[in-house]
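*Asks:* With the numbering used here applied, the sequence shown corresponds to residues 28 to 647, in that order.
For glycine and all other residues, C-beta sits at the position ideal for the given N, C-alpha and C.
As the structure is a prediction and not an experimental result, all values here were calculated from the model.
Can you read through this structure? Questions will come right after.
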Amino acid sequence: MLILILILAKLKVLFPKNLFLLNKTLNNKLIAFILIAILAVLIYSNSFFAPFTLDDFSSIVNNYAIENPLDFPAIWKFYSNRFILYFTISLNYFFNGTAVFGYHVVNISIHILNGMLVYLILNYILGLEEFSGKMTHQYRNIISLLSSFIFICHPVQVNAVTYIIQRTASLAAMFYLLSILLYIKFRLQKKIRYFILVMLFTVMAMFTKENTITIPFMLILIEFMFFLKDGSFTWKKRIPVIFVLLLTVPIIPCTNLLLKGYSQSDPDVTFKASTSMSRLHYFYTQMNVILDYIRKIFIPYNLNFDYGNDYPISKTIWENNSYISFIILFCIGITALMMVKRNKLLSLGILWFFIGLSVESSFISIKDVYFEHRLYFPLAGFVIFLAGLTLIPVKDSITEKRYTKTLCIIFCFMIVCYSGVTIYRNYIFSDITRLWSDVIKKAPKNDRAYSILATEYLNLFEEYLEEKSKNPGYADQERESYLDYAEKGFLKAIELNDSNSTAHCNLSKVYLLKGEYEKSISEAQESNRISRSKYAYNNLGNAYLKLGKTEEAINAFLKGYELDNRCTFILKALGNVYYDINNYEKAEYYYSEFLKYNKYAPENEEVEARLEIIKSNKKE
28 MLILILILAK
38 LKVLFPKNLF
48 LLNKTLNNKL
58 IAFILIAILA
68 VLIYSNSFFA
78 PFTLDDFSSI
88 VNNYAIENPL
98 DFPAIWKFYS
108 NRFILYFTIS
118 LNYFFNGTAV
128 FGYHVVNISI
138 HILNGMLVYL
148 ILNYILGLEE
158 FSGKMTHQYR
168 NIISLLSSFI
178 FICHPVQVNA
188 VTYIIQRTAS
198 LAAMFYLLSI
208 LLYIKFRLQK
218 KIRYFILVML
228 FTVMAMFTKE
238 NTITIPFMLI
248 LIEFMFFLKD
258 GSFTWKKRIP
268 VIFVLLLTVP
278 IIPCTNLLLK
288 GYSQSDPDVT
298 FKASTSMSRL
308 HYFYTQMNVI
318 LDYIRKIFIP
328 YNLNFDYGND
338 YPISKTIWEN
348 NSYISFIILF
358 CIGITALMMV
368 KRNKLLSLGI
378 LWFFIGLSVE
388 SSFISIKDVY
398 FEHRLYFPLA
408 GFVIFLAGLT
418 LIPVKDSITE
428 KRYTKTLCII
438 FCFMIVCYSG
448 VTIYRNYIFS
458 DITRLWSDVI
468 KKAPKNDRAY
478 SILATEYLNL
488 FEEYLEEKSK
498 NPGYADQERE
508 SYLDYAEKGF
518 LKAIELNDSN
528 STAHCNLSKV
538 YLLKGEYEKS
548 ISEAQESNRI
558 SRSKYAYNNL
568 GNAYLKLGKT
578 EEAINAFLKG
588 YELDNRCTFI
598 LKALGNVYYD
608 INNYEKAEYY
618 YSEFLKYNKY
628 APENEEVEAR
638 LEIIKSNKKE
């Protein structure tokens with residue numbers, strides 16, 4: 028991040044030409060950047076140790092593809108569409124492993140830089156000739172700064188900043204904002220280097236998240252709104268630029284067609300159609316979703332991390348009042364177009380919001396219909412809209428001063444309130460049980476939430492068993508009840524959605540720990556019927572072993588091995604079972620594979636001791 032800032036500074040994007048003179052303009056910008064950084068760090072200070080959750084595990088913790096950041100083919104093979112994102116994740120993994128602190132530092136740094144970019148974009152737009160008579164330089168800086176503060180502190184941003192894998196939203200937004208800023212610089216200074224950088228960051232954005240395919244259309248909108256009257260930039264010059272911009276649009280679709288697809292673990296894959304919802308059903312539902320997004324932007328009440336399947340689906344335009352939402356949104360869009368001549372900033376803010384949501388909230392069916400992290404980039408449109416309110420004409424200078432002071436007071440009040448809610452949301456994120464209990468409270472029909480909360484209780488119970496094995500006299504009645512909590516949670520998840528394979532799989536493990544082996548086998552088999560899983564095969568194998576069915580256990584473990592030949596618990600299980608039946612050749616192979624991929628685990632000593640026994644037996 029620091030390297031990127033230095034490069035941009037060198038290219039005079041972030042700072043003016045006379046950087047080292049420390050003039051008034053520079054001081055204003057430096058102070059603004061420092062204040063933005065301080066605000067972000069303060070309100071996100073309680074999120075630095077927020078644990079991994081949901082897709083973090085499949086995309087980071089248990090993701091073999093990101094283990095080596097220099098292994099570009101491996102990253103490209105699984106994540107060609109989001110190569111830039113997973114390369115940054117891979118770098119994080121290389122330096123931080125599974126320690127969450129480093130990931131949060133990067134996410135918050137990206138968020139800070141985005142706040143700076145919003146400030147600069149507003150500053151440049153408000154500095155255009157058509158706005159020069161409407162506000163002073165000082166007032167322009169204040170409005171830009173307050174607007175960027177709102178972008179930084181707004182609580183809907185938490186899902187994209189604190190939820191680690193949703194760096195995809197903030198990182199894509201960073202490249203998106205850089206493209207817009209550099210295009211404005213290109214139009215103001217007519218230097219081709221800025222346009223080259225625009226193309227570079229546009230391509231990087233498209234290889235971070237697919238919804239950035241809208242960048243060319245956003246740049247064309249800005250061109251026609253603010254630079255159409257520029258006589259020096261004739262149509263002969265303008266058309267080639269527009270053509271080159273539009274050439275970037277097919278990059279992602281072509282990548283999808285020409286290269287192998289994406290990883291199934293990739294969260295929120297934009298172009299992955301939902302198997303349970305048609306495009307029209309998704310579109311009708313999104314009318315209500317977008318209106319609810321707007322409500323949460325103005326009044327961030329009842330925010331939720333994961334709505335799952337607890338959001339009402341509209342199968343017709345008349346269902347759930349989707350037609351009313353459509354009419355309201357249509358009127359807002361028409362109003363934005365009608366305001367272009369009167370207040371371009373208000374119009375840009377509204378159109379920015381709709382363009383930012385146009386991919387994920389339209390006809391492209393996505394499995395989850397509602398996620399607040401999708402508002403990350405569109406929120407910049409909201410703060411531009413707020414800045415546009417300052418340009419509303421008033422009767423006289425006295426009224427104008429009062430209006431300006433009132434707006435600034437309102438902005439400051441919003442910043443304080445939003446910051447408080449953001450701090451609270453980060454507090455919710457800081458504990459897994461607290462987070463998913465909050466989700467269930469707000470979305471009681473979300474089977475995924477029940478399953479994940481139950482999984483956390485299951486993990487806590489296993490930690491308790493480990494402590495108890497070290498100290499047999501240790502007992503904690505409350506922690507012993509965690510296994511019952513887990514069972515109830517998984518049963519509730521299955522009640523809400525019988526096709527929840529994860530709930531069936533983990534319920535199998537609960538029954539295994541309770542000694543109810545036939546039930547464990549039944550749930551593991553049901554889980555594999557829905558979706559084959561190495562975890563379910565591991566539970567199945569362990570249950571068969573408890574019943575003395577060694578052959579069935581081996582077959583189950585081997586099926587798990589087929590799914591993932593680097594899975595350490597499967598490798599160890601196969602090594603153990605072959606060791607116990609004196610098949611030392613196979614035991615040696617699987618133990619060796621285990622040590623190959625499980626270099627730092629304390630259980631290695633046991634495996635190494637067994638390998639020594641095997642080698643001595645061979646000699647004899």
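Are the CB atoms of T189 and L112 within a distance shorter than 8 angstroms?
*Replies:* Cβ atoms of L112 and T189: not closer than 8 angstroms.
*Asks:* Would you call the stretch 116 to 123 and the stretch 377 to 388 in contact, with 3 or more CB pairs under 8 angstroms?
*Replies:* No: the two stretches stay apart, fewer than three of their Cβ pairs being nearer than 8 angstroms.
*Asks:* What residues in its chain sit with their C-beta under 6 angstroms from that of Y334, if we drop five residues either side in the sequence?
*Replies:* Y397, A470, listed in sequence order.
*Asks:* Using a Cβ-Cβ cutoff of less than 7 angstroms, which residues in the same chain neighbour N331 once the five nearest sequence positions on both sides are dropped?
*Replies:* Answer for N331: V466, K469, A470, listed in chain order.
*Asks:* With contact counted as at least three CB pairs below 8 angstroms, one residue from each stretch, are the stretch 557 to 569 and the stretch 532 to 542 in contact?
*Replies:* Contact holds: three or more Cβ-Cβ distances are below 8 angstroms.
*Asks:* Could you tell me the alpha carbon to alpha carbon distance between L406 and E507, rounded to whole angstroms?
*Replies:* In a straight line, the C-alpha of L406 is about 45 angstroms away from that of E507.
*Asks:* On the premise that L209 lies in contact with Y221, defined as a C-beta separation below 8 angstroms, what is that separation, rounded to the nearest angstrom?
*Replies:* Y221 to L209, Cβ: 5 angstroms. Contact.
*Asks:* Measure the C-alpha to C-alpha separation of S175 and F404 and round it to an integer number of angstroms.
*Replies:* For S175 and F404, the distance between alpha carbons rounds to 13 angstroms.
*Asks:* Who are the near neighbours of P629 in its chain, counting only those whose CB is closer than 6 angstroms to its CB and skipping five residues on each side?
*Replies:* Correct list: empty, nothing qualifies.
*Asks:* Within a Cβ cutoff of 6 angstroms, which residues of the same chain sit near I450, ignoring the five residues on either side of it in sequence?
*Replies:* Correct list, in chain order: I70.
*Asks:* State buried or exposed for E514, treating a residue as buried only when at least 16 other CB atoms are found within 10 Å of its CB.
*Replies:* Counting Cβ neighbours within 10 Å, E514 comes out buried, since at least 16 surround it.
*Asks:* Look up Y588 in the DSSP assignment and say whether it is helix, strand or coil.
*Replies:* Three-state result, Y588: helix.
*Asks:* Could you please give the first and the last residue of the uninterrupted alpha helix (DSSP H) stretch that includes T595?
*Replies:* Here the alpha helix (DSSP H) through T595 covers 595 to 607.
*Asks:* Taking the alpha-carbon positions, what's the E545 to G124 distance?
*Replies:* Looking at the two C-alpha atoms, the distance is approximately 38 angstroms.
*Asks:* Whole angstroms is fine: what's the gap from M201's alpha carbon to A580's?
*Replies:* Whole-angstrom Cα-Cα distance: 50 angstroms.
*Asks:* Who are the near neighbours of I214 in its chain, counting only those whose CB is closer than 6 angstroms to its CB and skipping five residues on each side?
*Replies:* Residue identity differs from the one stated: residue 214 is Arg in this sequence, not Ile. Cβ within range, chain order: F254.
*Asks:* Nearest-angstrom Cα distance between T431 and G154?
*Replies:* Approximately 18 angstroms, taken between the alpha carbons.
*Asks:* Which residue marks the beginning of the alpha helix (DSSP H) containing Y564, and which one marks its end?
*Replies:* Run containing Y564: 561 to 573, per the alpha helix (DSSP H) assignment.
*Asks:* Quick one, which of I207, A92, S554 has its alpha-carbon nearest G383's?
*Replies:* Of the candidates I207, A92, S554, the one whose C-alpha sits nearest the C-alpha of G383 is I207.
*Asks:* DSSP state of D333, grouped into three classes?
*Replies:* Coil, per DSSP.
*Asks:* Starting from the C-beta of G129, find all residues in its chain whose C-beta is less than 7 angstroms away, skip the five residues before and the five after it, and write them out in chain order.
*Replies:* Counting only Cβ-Cβ distances below 7 angstroms, and skipping sequence neighbours, we find N119, F122, N123.
*Asks:* Please list the terminal residues of the continuous alpha helix (DSSP H) segment that includes K323.
*Replies:* 306 to 325 is the extent of the alpha helix (DSSP H) around K323.
*Asks:* Just checking my contact of Y445 with P327 at CB under 8 angstroms: how many whole Å lie between their CB atoms?
*Replies:* About 7 angstroms; that satisfies the 8 angstroms criterion.
*Asks:* For the candidate residues F325, L416, F353, whose alpha-carbon lies nearest to that of M366?
*Replies:* M366 has its Cα closest to that of L416, out of F325, L416, F353.
*Asks:* Identify every run of the alpha helix (DSSP H) within the stretch 607 to 637, keeping only runs that are complete inside it and at least 4 residues long; order them along the chain.
*Replies:* Correct list: 611 to 624.
*Asks:* What is the DSSP secondary structure of I242, reduced to helix, strand or coil?
*Replies:* Here I242 sits in helix by DSSP.
*Asks:* Considering only residues of the same chain and omitting the five flanking positions on each side of P182, which have a CB-CB separation below 7 angstroms?
*Replies:* These residues qualify, in order along the chain: P327, L330, Y445, V448, T449, R452.
*Asks:* DSSP three-state call for I393: helix, strand or coil?
*Replies:* Three-state DSSP puts I393 in coil, outside helix and strand.
*Asks:* Give me the Cα-Cα distance between N186 and I479, rounded to the nearest whole angstrom.
*Replies:* Distance between the alpha carbons of N186 and I479: 17 angstroms.
*Asks:* Pairs of beta-carbons, one from the stretch 84 to 99 and one from the stretch 490 to 500, closer than 8 angstroms: are there three or more?
*Replies:* Judged by Cβ distances under 8 angstroms, the stretch 84 to 99 makes no contact with the stretch 490 to 500, as fewer than three pairs qualify.
*Asks:* For I223 and L434, I'd like the C-alpha separation in whole angstroms.
*Replies:* Going by the C-alpha atoms only, they are around 38 angstroms apart.
*Asks:* Going by C-alpha to C-alpha distance, which of K256, P100, Y166 sits closest to K418?
*Replies:* Checking the sequence, you will find Leu at residue 418 rather than Lys. Nearest option by C-alpha distance: Y166.
*Asks:* For N625 versus T595, is the C-beta spacing smaller than 8 angstroms?
*Replies:* Going by C-beta atoms, N625 is nearer than 8 angstroms to T595.
*Asks:* When burial is assigned at 16 or more other CB atoms within 10 Å of the CB, is G500 buried or exposed?
*Replies:* It is exposed - the Cβ of G500 has fewer than 16 other Cβ atoms within 10 Å.
*Asks:* Helix, strand or coil for W345 per DSSP?
*Replies:* Reduced to three states, the DSSP call for W345 is coil.
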